[in-house]
Amino acid sequence: MPTSPELAKFVETSTLIKPRQEEGAKDRTMVVNMGPQHPSTHGVLRLVIEIDGETVLKVVPDIGYLHTGIEKTCEAKFYQQVVPMTDRIDYLCPMTNNLTYCLAVEKLLQLEIPDRAQWIRVLLNELTRLQSHLVWLGTHAMDIGALTVFLYCFREREDILRLFEHVAGQRMMTSYFRVGGLALEPPLDFFDRVKTFIKRMPEKIDEYENLLTGNPIFINRLKGVGYLSGEDAIALGVTGPPLRASGVDWDLRRDMPYSSYEKFQFRVPVSNDCDVWARYVVRIQEMRESVKIIEQALEGMPEGPITANAPHVVLPDREKMKTQMESLIYHFKIVTEGFTVPAGQVYQAVESPRGEMGYFAVSDGTAKPYRVHMRNPSFATLQALQTMCAGRLIADVVAVIGSIDIVLGEIDR
Amino acid sequence: MDSAVQGKDAVRAALPENRALASLLAWNADAVLDAKYHLKELTVTIARDEIRGACKAVQSAGYNFLEDVTCVDWYPSEPRFQVTYHILSHALKDRVRLISPVESIDPTIDSITPIWPSANFYEREVWDLFGVRFHGHPELRRIMLPEEWDGHPLRKDYPVEGYR
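First to last, the protein sequences are chains D and G.
Counting in the UniProt record's numbering, the first sequence runs from 1 upward without gaps.
Counting in the UniProt record's numbering, the second sequence runs from 1 upward without gaps.
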């Protein structure tokens with residue numbers, strides 16, 4: 001149920017705004033369009049904002065400029081062919097999207113994934129979280145006016161993208177995961193390179209904090225801005241760091257573990273301040289925890305195969321394909337006809353850098369998915385914008401958008 | 001448990017501890033049309049007119065977080081649409097999927113925005129892409145596509161390249 005007055009107002013009247021024309025209030029409010037292209041959003045977002053002086057009365061997000069039609073396209077592809085498209089949903093965390101989709105299809109197929117593949121998946125997912133948070137931190141700080149941090153963050157992100165290129169051959173749209181495991185065994189020196197990189201990372205995070213955490217301008221722009229209570233956050237479907245910054249201790253990695261996350265030790269940062277500052281603090285601490293998870297994954301990396309033992313789903317080795325007739329037949333059949341998946345419906349959610357990312361996959365027993373639906377965290381969090389911004393100054397809207405770490409690729413679809 | 005359990009009595013017997021199913025059956029056993037337990041996920045079919053009451057029942061049983069509202073088009077079989085709700089409990093660490101069948105003639109279902117305000121965007125998305133109307137929604141207009149768009153693209157009889 002709606003708990004705060006702003007939220008109740010949002011539920012009652014959230015129609016598109018027109019300037020108020022009633023007596024007495026004449027010419028007091030005006031409507032400003034922020035966007036469709038604003039530097040503080042990754043993508044095209046238009047905000048229709050009603051202001052009284054500099055005070056925000058109402059924010060109505062107007063989305064729908066991208067038209068990728070991705071869910072419709074999924075229905076025309078084989079199961080394996082959907083993986084490269086999931087990269088494009090949220091282009092800052094391709095590995096997380098791959099993982100969610102693969103886990104959902106593997107659940108339908110009831111496949112057992114070997115430990116090594118699961119650990120490499122965890123390692124790559126945490127690297128993805130780091131690079132996504134680096135982009136967030138850089139652009140968020142840049143919106144507030146701190147350009148140096150932006151350059152520092154992109155320097156480290158470049159290192160992570162180089163690691164991705166080394167392992168998958170691609171920097172951004174990696175498509176490295178397969179239904180049933182991974183595409184390839186990582187190159188021999190991959191883990192050493194990750195180790196070298198991750199050893200430097202805590203110092204780098206200290207460096208960002210030196211520039212921001214004690215900075216009076218940064219503190220004044222962030223503290224007390226964009227208040228969102230825990231009850232409102234749950235009512236509005238907010239997940240991830242914004243939810244934890246509202247005092248709700250919930251992390252899918254710990255509470256509903258997937259892909260062997262239960263074997264890792266980490267802390268879930270929570271803050272009770274409920275403002276933009278709290279979201280900044282939570283994300284910074286999350287980066288430190290990610291570093292710890294990556295270190296554990298490097299230390300205990302198990303040996304073994306990287307794909308499940310399921311010849312009707314997983315492509316055979318190149319060598320085997322060339323020398324064994326049976327493998328050649330499987331290879332041919334998987335490439336030309338795909339693999340069939342038993343009928344059923346599954347929902348698989350993982351903790352992406354922005355919150356709960358869920359894939360709802362429906363199979364009717366054929367080789368193509370009957371329906372794939374993506375539940376994306378930014379889409380739900382965007383609804384909370386009105387509750388967070390109402391009554392604040394228009395300059396705070398920029399800080400609030402930065403704090404929910406929006407990616408329009410996953411909102412528009 | 002690998003094999004599916006079908007039928008509300010069989011699922012009730014298989015899952016004696018599940019609070020979502022217990023609360024739904026205690027609330028209105030006639031409105032619960034069917035239940036299924038498959039791949040460790042519980043799916044409960046609710047009669048179309050009772051969905052709001054069902055959401056209230058699971059909410060008071062501790063399922064506090066609406067993750068998603070979506071729809072599946074089973075064209076050409078009837079009832080054609082399957083409106084799907086994924087509801088999560090933070091305390092129980094458990095998830096329940098409510099599904100509700102909707103006929104193709106005048107596809108309408110009650111909106112659950114009074115229970116979870118987050119349903120606002122989700123239901124607009126379902127209206128935009130499937131053409132299922134939500135009765136009692138505060139502003140049911142298209143969200144992804146322009147207002148003057150022809151048809152609802154995620155329906156199975158909508159061609160991939162559009163009508164034109």
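Glycine included, C-beta positions come from ideal geometry on N, C-alpha and C.
Since the structure is predicted, the reported quantities are computational estimates derived from the model, not experimental observations.
Put Q324/D into one of helix, strand or coil per three-state DSSP.
On the first sequence, residue 324/D is found 324 positions in, with the first residue counted as 1. If DSSP states are grouped into helix, strand and coil, Q324/D belongs with coil.
Between L124/D and the rest of its own chain, which residues show a CB-CB distance below 6 Å, the 5 nearest in sequence each way excluded?
Mapped onto the first sequence, residue 124/D falls at position 124. Cβ neighbours of L124/D beyond the five flanking positions: M95.
Neighbourhood of M1/D by C-beta distance below 6 Å, restricted to the same chain and skipping five residues each side
By 1-based counting over the first sequence, the position of residue 1/D is 1. Unreliable positioning characterises M1/D in this predicted model, as indicated by a pLDDT of 45, which lies under 50. The coordinate reading is nonetheless provided below. For M1/D, where only same-chain residues beyond five positions count, there are no Cβ hits under 6 Å.
Which chain D residues are close to V72/G, counting only those with a beta carbon under 7 Å from its beta carbon?
Translated into the one-based positions of the second sequence, residue 72/G becomes position 72. Within 7 Å Cβ-Cβ: V362 and R371.
Hey, is Q170/D's beta-carbon within less than 7 Å of any beta-carbon in chain G?
Numbered from 1 along the first sequence, position 170 holds the residue referred to as residue 170/D. Cβ-Cβ to chain G under 7 Å: no for Q170/D.
Using CA coordinates, which residue listed in S352/D, C389/D, M172/D and D159/D is at the minimum distance from Y101/D?
In the first sequence, counting from the first residue as 1, residue 101/D sits at position 101. Among S352/D, C389/D, M172/D and D159/D, the Cα nearest to that of Y101/D is on S352/D.
Quick check on F332/D: buried or exposed, where buried means 16 or more other Cβ atoms within 10 Å of its Cβ?
In the first sequence, counting from the first residue as 1, residue 332/D sits at position 332. Per the 10 Å Cβ criterion, exposed.
Contact list for the stretch 54 to 72 of chain G against chain D, Cβ threshold 8 Å:
N64, F65, L66, E67, D68, T70 and V72
In chain D, which residues lie less than 7 Å from W27/G when you measure between Cβ atoms?
Translated into the one-based positions of the second sequence, residue 27/G becomes position 27. Simply none; closest approach about 18 Å.
With DSSP run on the structure shown, which of helix, strand or coil describes D232/D?
Along the first sequence, read from residue 1 onward, the residue named residue 232/D stands at position 232. Correct three-state label for D232/D: helix.
Is it buried or exposed, S403/D, if we count other Cβ atoms within 10 angstroms and call 16 or more buried?
Working through the first sequence from its first residue, we reach residue 403/D at position 403. Buried, because 16 or more other Cβ atoms sit within 10 Å of the Cβ of S403/D.
Top-ranked residue by Cα proximity to N272/D, from R392/D, E231/D, Y347/D and T68/D
Locating residue 272/D in the first sequence gives position 272, counting from the first residue. Checking every option, the nearest Cα to that of N272/D belongs to E231/D.
Give the DSSP-derived three-state secondary structure of E158/D in the structure shown.
For the purposes of this step, residue 158/D is identified with residue 158 of the first sequence, where counting begins at 1. Of the three classes helix, strand and coil, the one that applies to E158/D here is helix, per DSSP.
Applying a beta-carbon distance threshold of less than 7 Å, which residues of chain G neighbour I234/D?
Along the first sequence, read from residue 1 onward, the residue named residue 234/D stands at position 234. Those within 7 Å of I234/D in chain G are N64 and F65.
Which residues DSSP lists as bridging S100/G, in chain order
Translated into the one-based positions of the second sequence, residue 100/G becomes position 100. Partner(s): V83/G.
Excluding five sequence neighbours on each side, which residues of the same chain lie with their C-beta closer than 8 Å to the C-beta of E356/D?
Residue numbering aside, residue 356/D sits at position 356 when the first sequence is read from its first letter. T239, G240, L252, A349, V350, R375 and P377.
Drop a sphere of 10 angstroms on the beta-carbon of H42/D, count the other beta-carbons inside from all chains shown, and report buried for 16 or more, exposed for fewer.
Residue mapping note: residue 42/D aligns to position 42 of the first sequence, counting from 1. So H42/D ends up on the buried side.
Below 6 Å CB to CB, which residues in the same chain sit around R46/D once its five sequence neighbours on both sides are set aside?
Along the first sequence, read from residue 1 onward, the residue named residue 46/D stands at position 46. G35, P36 and D62, listed in sequence order.
Counting only Cβ-Cβ distances shorter than 8 Å, please list the residues of the stretch 33 to 55 of chain G near chain D, keeping chain order.
H38, L39, E41 and T43
Closest by C-alpha distance to Y152/D, when choosing among T196/D, V362/D and L212/D:
On the first sequence, position 152 is the one that residue 152/D refers to. For the residues T196/D, V362/D and L212/D, the minimum Cα distance to Y152/D belongs to L212/D.
Please state whether the Cβ-Cβ distance between M388/D and L228/D is less than 7 Å.
The residue you call residue 388/D lines up with position 388 of the first sequence. The residue you call residue 228/D lines up with position 228 of the first sequence. Cβ distance < 7 Å, so M388/D and L228/D count as in contact.
Near S60/G, which residues of its chain fall below 8 Å by C-beta distance, leaving aside the five closest residues on each side in sequence?
Sequence index remark: in the second sequence, residue 60/G carries index 60 (1-based). Closer than 8 Å at Cβ, skipping near neighbours: S23.
In angstroms, rounded to a whole number, what distance separates the CA positions of P114/G and F78/D?
Sequence index remark: in the second sequence, residue 114/G carries index 114 (1-based). Sequence index remark: in the first sequence, residue 78/D carries index 78 (1-based). Each residue's alpha carbon lies about 39 Å from the other.
Quick one: does Q37/D have its CB under 7 Å from some CB of chain G?
Here residue 37/D is taken as the residue at index 37 of the first sequence, counted from 1. With 7 Å as the cut-off, Q37/D does not count as an interface residue toward chain G.
Any C-beta of chain G sitting closer than 7 Å to the C-beta of Y347/D?
Position 347 of the first sequence, counting from 1, holds the residue named residue 347/D. Output row for Y347/D: interface = yes.
Run through DSSP, which three-state label would E123/G get?
Numbered from its first residue, the second sequence carries residue 123/G at position 123. Helix at E123/G.
Report the three-state DSSP secondary structure of M301/D (helix, strand or coil).
Locating residue 301/D in the first sequence gives position 301, where the first residue counts as 1. Coil.
Would the beta-carbon of G300/D fall within 7 Å of that of R116/D?
Taking the first residue of the first sequence as 1, we reach residue 300/D at position 300. Taking the first residue of the first sequence as 1, we reach residue 116/D at position 116. Not in contact: G300/D and R116/D (Cβ atoms no closer than 7 Å).
Determine the chain G residues that contact K107/D at a beta-carbon separation under 8 Å, and present them in chain order.
Taking the first sequence and counting its residues from 1, the one referred to as residue 107/D is at position 107. Those within 8 Å of K107/D in chain G are L39.
Cross-chain neighbours of D412/D in chain G, by beta carbon under 9 Å
Translated into the one-based positions of the first sequence, residue 412/D becomes position 412. Result: M144.
Between D359/D and L57/D, what straight-line distance do the alpha-carbon atoms span, to the nearest angstrom?
On the first sequence, residue 359/D is found 359 positions in, with the first residue counted as 1. On the first sequence, residue 57/D is found 57 positions in, with the first residue counted as 1. The question names Asp, but residue 359/D is Tyr in the sequence shown. The alpha-carbon atoms of Y359/D and L57/D are separated by roughly 35 Å.
Residue(s) in a DSSP beta bridge with C71/G
Along the second sequence, one-based indexing puts residue 71/G at 71. V83/G.
What separation, rounded to the nearest whole angstrom, lies between the Cα atoms of V44/D and T68/D?
Taking the first residue of the first sequence as 1, we reach residue 44/D at position 44. Taking the first residue of the first sequence as 1, we reach residue 68/D at position 68. Roughly 13 Å separates the two Cα atoms.
Going along the chain, which residues of its own chain have a beta-carbon closer than 8 Å to the beta-carbon of W277/D, five neighbours each way excluded?
Stepping through the first sequence from its first residue, residue 277/D is reached at position 277. Excluding residues within five positions, the ones whose Cβ falls inside 8 Å are I219, L222, K223, G224 and V225.
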